[in-house]
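Number of protein chains: 2
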Amino acid sequence: MTVSRVLNYPQLVAEPTRERVRASIRKLDYMVNDLARPLGKSRRPVIGILALNVATTPYSVSITFAIEKLAREHGWRTYLVNTFSNSPPANVLDSLLSLRPEGVVFATMGHRLVNVPERLIRAGVVLANCQTSQKGLACYVPDDEQGQYDGVHKLLEQGYRRPLCIHLPEGSPAASLRRKGIQRAFKEFNIAEKDQAHAVLSPKPESIQPVQFRDEPDFLQTAFILDDALRRSPRPDCVICANDRVALVAYQYLLSRGLRIPQDVGVLGFDDMVGVGGLFLPPLSTIRLPHEEIGEAAASHIILGRKKPGIYRVKCPFVSRASF
Amino acid sequence: MTVSRVLNYPQLVAEPTRERVRASIRKLDYMVNDLARPLGKSRRPVIGILALNVATTPYSVSITFAIEKLAREHGWRTYLVNTFSNSPPANVLDSLLSLRPEGVVFATMGHRLVNVPERLIRAGVVLANCQTSQKGLACYVPDDEQGQYDGVHKLLEQGYRRPLCIHLPEGSPAASLRRKGIQRAFKEFNIAEKDQAHAVLSPKPESIQPVQFRDEPDFLQTAFILDDALRRSPRPDCVICANDRVALVAYQYLLSRGLRIPQDVGVLGFDDMVGVGGLFLPPLSTIRLPHEEIGEAAASHIILGRKKPGIYRVKCPFVSRASF
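Chains A and B, in that order, give the protein sequences.
All the letters of the first sequence, read from the start, carry residue numbers 456 to 779 under this note's numbering.
All the letters of the second sequence, read from the start, carry residue numbers 456 to 779 under this note's numbering.
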């Protein structure tokens with residue numbers, strides 16, 4: 456009772472007692488279990504983060520990084536729960552919702568379509584890096600179309616005219632938006648169809664994929680695609696890569712064939728992949744996925760109590776280095 | 456009261472009432488806030504995960520993946536809180552400990568030495584991928600020495616005799632253990648000192664590092680190191696790389712110089728880096744950091760109530776591919 460009074464109504468407790476209690480609290484590392492407080496009483500607010508594969512794969516971790524950073528700056532707490540299936544099982548939702556979060560960010564590894572469980576919608580959810588056809592939700596996603604358009608535009612400005620495009624497997628918003636961006640830039644520079652080459656990566660059979668990498672194509676196909684394309688005459692003078700991992704395989708293949716980057720072949724990446732983007736020789740010009748900005752926007756949505764639903768597209772900046 | 460009775464003593468409530476209450480519960484998505492229950496009463500137990508940079512960098516995320524997986528299989532819950540500073544700030548510890556976890560896994564991005572806050576020790580902490588000089592704690596770490604020894608042994612078995620070693624910056628357990636492993640294998644194969652070449656990566660100035668990559672060396676130095684080493688006569692016939700990222704830069708440099716892997720130069724990696732290990736042309740022979748096994752062991756330690764402190768070294772398996 457005295458401890459409770461010291462914490463909640465210190466003015467009712469005599470100074471010496473107050474000090475004694477406080478010293479004990481420090482010594483025992485006592486903490487108010489403030490999740491146990493009934494709703495409505497003051498407690499530090501919570502953002503729940505439900506991460507679909509995000510924290511187990513290297514590509515979108517900056518999303519959760521940014522959410523946690525912003526939340527802490529505002530005195531909010533965050534708890535992250537990972538899920539590895541497209542429809543999170545009930546016990547995962549139980550875990551997250553038992554913390555009574557003020558809002559939940561549902562974040563995915565790649566820009567994709569999701570179906571949001573009703574329970575998350577009732578808890579107040581905002582989507583990061585994914586979108587849905589369900590009404591009334593706010594979704595923060597990368598502007599793949601703008602990013603890809605800008606990158607290809609920069610490439611063509613350098614004079615390259617016979618592009619080989621290596622596309623992501625069809626079916627994701629990222630894949631179709633990037634195709635649109637490429638076509639818009641090609642049109643602007645009058646790249647004739649006969650001067651364009653296109654190849655599409657096919658997904659790996661699911662059986663041989665570790666669970667973290669489900670839905671990933673086999674990037675080594677890039678070598679076969681290039682081998683084939685370089686036999687043609689005239690050969691492509693640049694490669695527009697589905698992402699930096701494709702570019703990584705393309706680099707090794709081109710360099711082993713004695714082709715110089717960017718003099719003989721220009722290369723454009725996509726993602727500015729964390730931890731790898733800086734390891735290319737010569738450094739890779741690419742398009743950065745704005746994962747930090749997306750995480751920050753999603754967290755702000757909850758912290759600032761925004762209500763407006765819709766799809767918010769976040770700019771993908773071009774990163775100019777030395778591969779064209 | 457009736458709701459509480461239905462949940463806790465259903466046999467005291469008449470069947471029709473019970474059903475009505477249960478239907479309402481389903482409809483309202485009511486959940487027992489079981490973190491709010493006093494300690495001692497039954498609730499689903501919790502593992503707290505305090506991740507130092509783990510979830511914001513691509514290299515050790517499998518640790519948290521494995522903890523969450525095992526915990527769920529045992530009906531435990533997990534909550535992950537990231538921290539970005541070597542001494543986690545008080546509010547981060549508050550967040551984690553207010554959940555009253557049965558135990559906490561403190562996991563770090565790379566195998567390193569840490570100083571564990573007293574509050575975590577009192578809460579029951581186990582270390583994953585890091586170790587400490589503080590007494591009484593259990594630490595699960597990769598057996599870098601064994602892994603590096605095995606890898607170099609396999610390389611020398613193939614007949615390579617003039618190794619160039621590119622080492623991690625000194626100061627971490629990983630760096631010194633790997634050096635020991637290399638020297639043990641060299642001794643066994645009588646590799647004379649004059650036939651060995653050694654270079655040490657230096658850390659990047661902290662000012663130009665994003666917070667997620669603090670403590671990382673500049674891997675592009677690899678190109679300068681190789682450039683220098685290849686001028687010597689006789690030149691090295693294989694490269695023992697500090698990790699897969701060094702190997703990635705080495706590949707590009709060697710291939711651009713017209714050298715073939717493995718015919719002209721053999722390459723050995725370390726890490727089997729998630730998402731990148733499979734993108735080498737030819738595929739990289741490397742040593743896998745046992746991140747999943749470490750996460751699983753740390754989680755088991757808590758779930759099974761193990762008490763024995765000590766440093767547990769987890770085997771690093773050699774991954775045989777095609778780079779030597």
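Ideal Cβ placement from N, Cα and C applies to all residues, glycine included.
Bear in mind that the values here come from a model prediction, so they are computed numbers and not experimental data.
Which of the residues in the stretch 694 to 708 of chain B, read from start to end, lie with their CB under 7 Å from any CB of chain A? For the stretch 694 to 708 of chain B, which is checked against every Cβ of chain A, the residues closer than 7 Å are R700, L703, V704, Y706, Q707 and Y708.
Counting only Cβ pairs nearer than 8 Å, list the residues of chain A close to L535/B. Taking the first residue of the second sequence as 1, we reach residue 535/B at position 80. The contacting residues are A510, Y534, L535, V536 and N537.
Output yes if chain B places a C-beta closer than 8 Å to the C-beta of V731/A; else output no. Position 276 of the first sequence, counted from the first residue, corresponds to residue 731/A. Any Cβ of chain B closer than 8 Å to the Cβ of V731/A would place that residue at the interface, and such an atom is present.
V501/A: which of A578/A, K609/A and L507/A sits nearest, CA to CA? Start at 1 with the first residue of the first sequence, and residue 501/A comes out as number 46. With distances taken between Cα atoms, V501/A lies closest to A578/A.
Enumerate in chain order the residues of its own chain whose CB-to-CB distance from V571/A is below 8 Å, with the five nearest sequence positions on each side excluded. Stepping through the first sequence from its first residue, residue 571/A is reached at position 116. Once the five neighbours on either side are set aside, the close Cβ partners of V571/A are F561, V580, L582, T587, Q589 and L592.
Rounded C-alpha distance that separates N541/A from T563/A: Residue 541/A sits at position 86 when you count from the first residue of the first sequence. Residue 563/A sits at position 108 when you count from the first residue of the first sequence. Rounded to whole angstroms, N541/A to T563/A spans 9 Å at the Cα level.
Applying the criterion that 16 or more other CB atoms from any shown protein chain within 10 Å of the CB defines a buried residue, is V699/A buried or exposed? On the first sequence, position 244 is the one that residue 699/A refers to. The amino acid occupying residue 699/A in the given sequence is Asp; Val does not appear at that position. Burial call: buried.
Let me see if you follow: with CB-CB separation under 8 Å, is P543/B close to chain A or not? As a working mapping, residue 543/B is identified with position 88 in the second sequence. Not closer than 8 Å to any Cβ of chain A, the Cβ of P543/B fails to qualify, so no.
What does N546/A touch in chain B if you count any residue whose Cβ is under 9 Å from its own? For the purposes of this step, residue 546/A is taken as the residue at position 91 of the first sequence. Among the residues of chain B, those whose CB is under 9 Å from the CB of N546/A are R499, R527, G530 and R532, following chain order.
Quick check on T457/B: does DSSP put it in helix, strand or coil? Residue 457/B sits at position 2 when you count from the first residue of the second sequence. In this structure, T457/B counts as helix in the three-state DSSP scheme.
Residues of its chain near G765/A, where Cβ-Cβ distance is below 7 Å and the 5 sequence neighbours each way are ignored: Indexing the first sequence from 1 puts residue 765/A at position 310. If we look at G765/A and ignore the five residues flanking it on each side, its Cβ neighbours are A593.
A545/B classed as buried or exposed, judged by whether at least 16 other C-beta atoms fall within 10 angstroms: For the purposes of this step, residue 545/B is identified with residue 90 of the second sequence, where counting begins at 1. Residue environment: A545/B is assigned as exposed (fewer than 16 neighbouring CB atoms within 10 Å of its CB, all protein chains considered).
Out of R687/B, R633/B and G565/B, state which residue places its alpha-carbon closest to the alpha-carbon of K649/B. On the second sequence, residue 649/B is found 194 positions in, with the first residue counted as 1. Cα-wise, what sits closest to K649/B is R687/B.
What residues in the stretch 674 to 687 of chain B have a beta carbon less than 8 Å from any beta carbon of chain A? Taking 8 Å as the Cβ-Cβ cut-off against chain A, the residues of the stretch 674 to 687 of chain B that qualify are F674, L675 and A678.
With distances taken Cα to Cα, identify the nearest neighbour of C693/B among H746/B, E625/B, G730/B and I621/B. Along the second sequence, read from residue 1 onward, the residue named residue 693/B stands at position 238. When each option's Cα is compared against that of C693/B, the closest is I621/B.
Note down, in chain order, all residues in the stretch 547 to 569 of chain A with a beta-carbon under 8 Å from any beta-carbon belonging to chain B. Listed in sequence order: V547, D549, S550, L552, S553, L554 and R555.
First and last residue of the beta strand (DSSP E) that includes H853/B? Since the first residue shown for chain B is 456 and the last is 779, residue 853/B is missing from the structure and cannot be characterised.
Indicate whether at least one CB of chain A lies closer than 8 Å to the CB of G713/B. Residue 713/B sits at position 258 when you count from the first residue of the second sequence. Answer yes: the Cβ-Cβ gap between G713/B and chain A drops below 8 Å somewhere.
Quick check on K781/B: buried or exposed, where buried means 16 or more other Cβ atoms within 10 Å of its Cβ? Here chain B covers residues 456 to 779 and nothing more, so residue 781/B does not appear.
For S740/B, count the other beta carbons within 10 Å of its own beta carbon; 16 or more makes it buried, fewer makes it exposed. Which is it? For this step, residue 740/B is matched to residue 285 along the second sequence. Buried.
Neighbour-count burial assignment, R743/A, 16 or more Cβ in a 10 Å radius: As a position in the first sequence, residue 743/A is number 288, starting the count at 1. Counting other Cβ atoms within 10 Å of its Cβ, R743/A reaches 16 or more and is therefore classed as buried.
Between which two residues does the beta strand (DSSP E) harbouring A654/A extend? The count along the first sequence starts at 1 and reaches residue 654/A at position 199. Segment A652 to V655, the beta strand (DSSP E) holding A654/A.
Alpha carbon of R499/B to alpha carbon of R532/B, nearest angstrom: The residue you call residue 499/B lines up with position 44 of the second sequence. The residue you call residue 532/B lines up with position 77 of the second sequence. For R499/B and R532/B, the distance between alpha carbons rounds to 7 Å.
contact_flag[the stretch 754 to 769 of chain B, the stretch 756 to 772 of chain A] where n(CB pairs < 8 Å) is 3 or more: Output reads no: the stretch 756 to 772 of chain A does not touch the stretch 754 to 769 of chain B.
Secondary structure of R776/A, DSSP reduced to three states: Taking the first sequence and counting its residues from 1, one reaches residue 776/A at position 321. Coil.
If you measure from the beta carbon of F779/A to each beta carbon in chain B, is any gap under 8 Å? On the first sequence, residue 779/A is found 324 positions in, with the first residue counted as 1. Not an interface residue.
Does any residue of chain A bring its CB to less than 8 Å from the CB of M486/B? In the second sequence, counting from the first residue as 1, residue 486/B sits at position 31. Unreliable positioning characterises M486/B in this predicted model, as indicated by a pLDDT of 47, which lies under 50. The coordinate reading is nonetheless provided below. Yes, M486/B counts as interfacial toward chain A.
Near-chain B residues of the stretch 733 to 750 of chain A (beta-carbon distance less than 8 Å), N- to C-terminal order: Residues passing the 8 Å Cβ filter: G733, L734, F735 and L736.
Run down chain A in chain order and give the residues with a C-beta less than 7 Å from the C-beta of F725/B. As a first step, residue 725/B must be located in the second sequence, where it is residue number 270. Simply none; closest approach about 15 Å.
Per DSSP, N537/B forms a beta bridge with which residues? Stepping through the second sequence from its first residue, residue 537/B is reached at position 82. According to DSSP, which records beta bridges pairwise, N537/B is partnered with A506/B.
Beta-carbon spacing of I529/B, I758/B below 8 Å: Taking the first residue of the second sequence as position 1, residue 529/B is located at position 74. Taking the first residue of the second sequence as position 1, residue 758/B is located at position 303. Ile is not the amino acid found at residue 529/B; the sequence shown has His there. For H529/B and I758/B, yes; Cβs fall inside 8 Å.
How is the alpha helix (DSSP H) around V720/A delimited, first residue to last? Sequence index remark: in the first sequence, residue 720/A carries index 265 (1-based). Premise fails: V720/A is in no alpha helix (DSSP H) and is neither H nor E.
In this structure, how does DSSP classify A396/B when only helix, strand and coil are distinguished? Residue numbering for chain B in the displayed model covers 456 to 779; residue 396/B lies beyond these limits and cannot be assessed.
How about D605/A and F735/A: are their beta carbons less than 8 Å apart? By one-based count along the first sequence, residue 605/A stands at place 150. By one-based count along the first sequence, residue 735/A stands at place 280. No, the Cβ-Cβ distance between D605/A and F735/A is not below 8 Å.
Are there 16 or more other CB atoms within 10 angstroms of the CB of E573/A, so buried, or fewer, so exposed? Here the question's residue 573/A lines up with position 118 in the first sequence. The residue in question, E573/A, is exposed, as its Cβ has fewer than 16 Cβ neighbours within 10 Å.
Extent of the continuous beta strand (DSSP E) to which V694/B belongs: Stepping through the second sequence from its first residue, residue 694/B is reached at position 239. Run containing V694/B: C693 to C696, per the beta strand (DSSP E) assignment.
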